[in-house]
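A.B. asks: In the working numbering, the protein residues as written are 9 to 246. Heads up, the beta-carbon is just placed ideally off N, CA and C, and yes, glycines get one too. Take a look at the following structure, please.
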């Protein structure tokens, strides 16, 4: 994922803010705040939502958010009263207002009634089918970002206090799915290891968020049905 605006670029693969090809220093929280504003643009995000998404399950004061925002503004070379990129809705929150070009493979820009992203061909959208299972429950994953958490807006909603409101996410493109922890308190594990960064998922991987475990499933959408005998065993030749 890469966002380009004016002479800046936020490159999420490199987790860096660039200007003229050179890196601009940002702390982790400042980077996450800028990325969040870019992803949600042009919506103005209320401070309560920013607190929840940047510091899940942790109380911080408004002054901490203001300090991180000041760092972002400094990196972009602007002031609150003369801002080219970030709008302040006084007493409410912040939003990104600059013109942005976004390069994101498999980007979901709004779904039609069949769950396909607008602007994406049916063939592209159907290359992979992914879902999570937990016991008898199944959770379909769409192309783009799928958040796992306790929040009502989560794609995979989990009723467990061991899971943060925005705990982890799975980003699905037309040819792969990658898992990333969202700074959750209890961490995300795969193959019994706590993850850092983005991990490519394989069919059958066990994904654990807090104390809740899911099994990840992925198949090609055009895969043919496997014949089975009366006992349910596959009759396909190996």
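(1) Smallest Cα separation from residue 170: which of 180, 209, 221 and 54?
(2) Tell me whether residue 56 is buried or exposed, calling it buried when 16 or more other Cβ atoms sit within 10 Å of its Cβ.
(3) Beta-carbon within less than 6 Å of residue 148's beta-carbon, same chain only, minus the 5 sequence neighbours each way: which residues are those?
(4) Identify whether residue 144 lies in helix, strand or coil by the three-state DSSP scheme.
(5) Using three-state DSSP, classify residue 77 as helix, strand or coil.
(6) Checking the sheet assignment: what are the DSSP bridge partners for residue 5?
(7) Determine the DSSP secondary structure at residue 8, reduced to helix, strand or coil.
(8) Excluding the 5 residues flanking residue 109 on each side, which residues of the same chain have their C-beta closer than 7 Å to its C-beta?
(9) Tell me, to the nearest whole angstrom, how far the beta carbon of residue 151 is from that of residue 158; I am working on the premise that it is less than 8 Å.
(10) Compute the distance between the beta-carbons of residue 172 and residue 201, then report whether it is under 8 Å.
(11) Per DSSP, what are the beta-bridge partners of residue 82 in this structure?
(12) Output the boundary residues of the alpha helix (DSSP H) element that contains residue 45.
(13) Just how far apart, CA to CA, sit residue 101 and residue 228?
(14) Note the first and the last residue of the continuous alpha helix (DSSP H) segment covering residue 60.
(15) Look at the alpha carbon of residue 81 and the alpha carbon of residue 226, and state the distance between them as a whole number of angstroms.
(16) Going by the CB atoms, is the gap between residue 42 and residue 18 shorter than 8 Å?
C.D. replies: In short, the structure shows the following:
(1) Taking the first residue of the chain shown as 1, we reach residue 170 at position 162. Nearest option by C-alpha distance: 221.
(2) Position 48 of the chain shown, counting from 1, holds the residue named residue 56. Label assigned to residue 56: exposed.
(3) Numbered from its first residue, the chain shown carries residue 148 at position 140. Only 139 meet the Cβ criterion.
(4) As a position in the chain shown, residue 144 is number 136, starting the count at 1. Three-state DSSP puts residue 144 in coil, outside helix and strand.
(5) Taking the first residue of the chain shown as 1, we reach residue 77 at position 69. If DSSP states are grouped into helix, strand and coil, residue 77 belongs with the helices.
(6) Absent from the structure is residue 5, since the part of the chain shown begins at 9 and ends at 246.
(7) Nothing about residue 8 can be read from this structure; the chain reaches only from 9 to 246.
(8) Residue mapping note: residue 109 aligns to position 101 of the chain shown, counting from 1. Counting only Cβ-Cβ distances below 7 Å, and skipping sequence neighbours, we find 12.
(9) In the chain shown, counting from the first residue as 1, residue 151 sits at position 143. In the chain shown, counting from the first residue as 1, residue 158 sits at position 150. Contact doesn't hold; Cβ gap of about 24 Å is too wide.
(10) Working through the chain shown from its first residue, we reach residue 172 at position 164. Working through the chain shown from its first residue, we reach residue 201 at position 193. Not closer than 8 Å, so no.
(11) Numbered from its first residue, the chain shown carries residue 82 at position 74. Beta-bridge pairing links residue 82 to no other residue.
(12) Within the chain shown, residue 45 is the residue found at index 37, counting from 1. Start and end: 36 to 48.
(13) Position 93 of the chain shown, counting from 1, holds the residue named residue 101. Position 220 of the chain shown, counting from 1, holds the residue named residue 228. One C-alpha to the other measures close to 42 Å.
(14) Position 52 of the chain shown, counting from 1, holds the residue named residue 60. Looking at the DSSP string, the run of the alpha helix (DSSP H) that includes residue 60 is 55 to 62.
(15) Position 73 of the chain shown, counted from the start, is the residue given in the question as residue 81. Position 218 of the chain shown, counted from the start, is the residue given in the question as residue 226. For residue 81 and residue 226, the distance between alpha carbons rounds to 41 Å.
(16) Position 10 of the chain shown, counted from the start, is the residue given in the question as residue 18. Position 34 of the chain shown, counted from the start, is the residue given in the question as residue 42. Taking 8 Å as the Cβ cut-off, residue 18 and residue 42 qualify as a contacting pair.
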